[in-house]
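Q: One point on numbering: in our numbering, the residue at position 100 of the sequence shown is 1028, and numbering is uninterrupted.
A virtual CB, placed ideally from N, CA and C, is assigned to each residue, including glycine.
Just so it is clear, the structure is predicted and the values come from calculations on it, not from any experiment.
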Amino acid sequence: MLISIMLAWIVTIGSVIALLWVLTRMALRRRGEGSPNGEDDRAEFSLERYQPMGRLLGDEDLLFLKSQPGYRSEMGSRWERERRRIFRLYLTELKSDFRHLHRQARELVANADAGSAGLVETLMKQQIRFLWVTTALECRLALQRVGLGKADVTPLMELIDAMRADLAQRTSPLPA
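1. Relative to the C-alpha of leucine 985, which residue among Ile1014, Asp1025, Leu930 is closest?
2. Just to confirm the assignment, what range does the alpha helix (DSSP H) spanning leucine 975 have?
3. Pop quiz: glutamate 1002 and valine 944 are said to be a contact at Cβ under 8 Å. What is the actual Cβ separation, rounded to whole angstroms?
4. Output the distance between the C-alpha atoms of glutamate 1191 and alanine 1064, rounded to the nearest integer angstrom.
5. Is any non-hydrogen atom of the ligand NAD found closer than 7 Å to the C-beta of leucine 990, if you look at the structure I gave you?
6. What distance in whole Å lies between the Cβ atoms of leucine 1019 and tryptophan 1007, which are believed to be in contact at a cut-off of 8 Å?
7. Quick one: measure Cβ to Cβ for leucine 1084 and threonine 1050, integer angstroms, because I've assumed they're closer than 8 Å.
8. Thinking isoleucine 1088 and leucine 1017 are a contact (beta carbons under 8 Å), I'd like their distance in whole angstroms, please.
9. Is there a Cβ of chain B sitting closer than 8 Å to that of methionine 1052, yes or no?
10. When you compare only the Cα positions, how much space is there between valine 939 and methionine 1052?
11. By the three-class DSSP mapping on this structure, what secondary structure does methionine 929 have?
12. With DSSP as the reference, label glutamine 1072 as helix, strand or coil.
13. Can you tell me whether threonine 1063 is helix, strand or coil according to DSSP?
14. Kindly indicate which three-state DSSP category aspartate 1089 falls into: helix, strand or coil?
15. Could you check which residue in Glu1086, Met929, Met1091, Lys994 has the C-alpha nearest to that of arginine 1027?
16. Nearest to arginine 1012 by CA position, among His1030, Gly982, Ile1056, is which residue?
Structural data, given as structure tokens:
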């Protein structure tokens, strides 16, 4: 019994430490990646960096923790608080990446010929959709905190990926 309790604590503490380590590495890497003019250089944007967000919203880890002998509700409450905090850190980074991608797209439109005026409407729609999806996710997170419903990061990931693909398509050279 004592071994099971110790195992549950080790898994819980180990998971929190691992997540904090990953986030710290991301923050340090981001600080060191600034370009000489002070702007981020995020040309290597990848949604793979945000894959842990989906797992943070999942129930698998908490269910495992609850199945361990010696589990106490305060352990689960702490796990829930920490994973929401870490999820919000990821969400903040994702919002920052969206703003950066959107800024790149606006610069393309500003430097494009008059024939690409339709891009302005596309950019406006993308920005509004992003705001809508992130606001809905924040609301679902708040509801999930009180035990109502479940937050899902998939629509946000799909939106970011679609915008990234659209930007890549519009910036690639036309075939001759």
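A: In brief:
1. Ile1014
2. Run containing leucine 975: none; DSSP gives neither H nor E here.
3. Going by Cβ atoms, the distance from glutamate 1002 to valine 944 rounds to 14 Å, so no, they are not a contact pair.
4. Absent from the model: residue 1191. The displayed extent of the chain is 929 to 1104, so no value can be given.
5. Among the components modelled here there is no ligand, and therefore nothing to report on the ligand NAD.
6. Actually they do not touch by this definition, with Cβ atoms about 18 Å apart.
7. Going by Cβ atoms, the distance from leucine 1084 to threonine 1050 rounds to 18 Å, so no, they are not a contact pair.
8. Contact flag wrong, Cβ pair sits at about 16 Å.
9. Among the protein chains of the structure shown there is no chain B, as only one such chain exists.
10. 45 Å
11. coil
12. helix
13. helix
14. helix
15. Met1091
16. Gly982
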